[in-house]
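Below is one structure; the comments refer to it alone.
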Amino acid sequence: MGGPAAIALPADWQPDDELLGWAAVAGHLQRLGPDGLDHATVKWARHRATAPARTPAQWRADWQQWIGRERPTGRPSLRAVPGGASHPSPPANRNAELLQAALDDLQARGGAR
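So in my numbering, spot 92 of the sequence shown is number 92, and the numbers just go up one at a time.
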């Protein structure tokens, strides 16, 4: 009769459109950039892979807290480095495209400088 059951973090967990929108509106996309947000998500998922089970809402809130504390790495994008990876993995590519679209929309509305 209670709420959603606690689950282990799914191995293929990715932030959904709502979370990506939150990252853009909250300024995290601007601060970290699309690649930085993808990097932070991978780092969070690795760190939380063995964490105790949580509800989906708790996983979402935990990711938001992690992203809120994350700092830019200062590392160049692999796509910008000669000989670097020319094609990111499909989830990273999807996230980067969604994040860039959210940032473009935010800038078009005058919300980002």
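Think of the CB as a built atom: it goes at the ideal place given N, C-alpha and C, for glycine as much as any other residue.
Just so it is clear, the structure is predicted and the values come from calculations on it, not from any experiment.
- R71 and L29 have their C-alpha atoms spaced approximately 11 Å apart.
- In the three-state DSSP reduction, R54 falls in the strand class (E or B).
- Per the C-alpha coordinates, the member of L20, R46 and A23 positioned closest to D12 is R46.
- Residue range D17 to V25 is occupied by the alpha helix (DSSP H) that includes L20.
- Exposed is the label assigned to G3, since fewer than 16 other Cβ atoms lie within 10 Å of its Cβ.
- With fewer than three CB-CB distances shorter than 8 Å, the stretch 44 to 63 does not count as touching the stretch 96 to 109.
- The criterion of a C-beta distance shorter than 7 Å is satisfied by R54 and A6.
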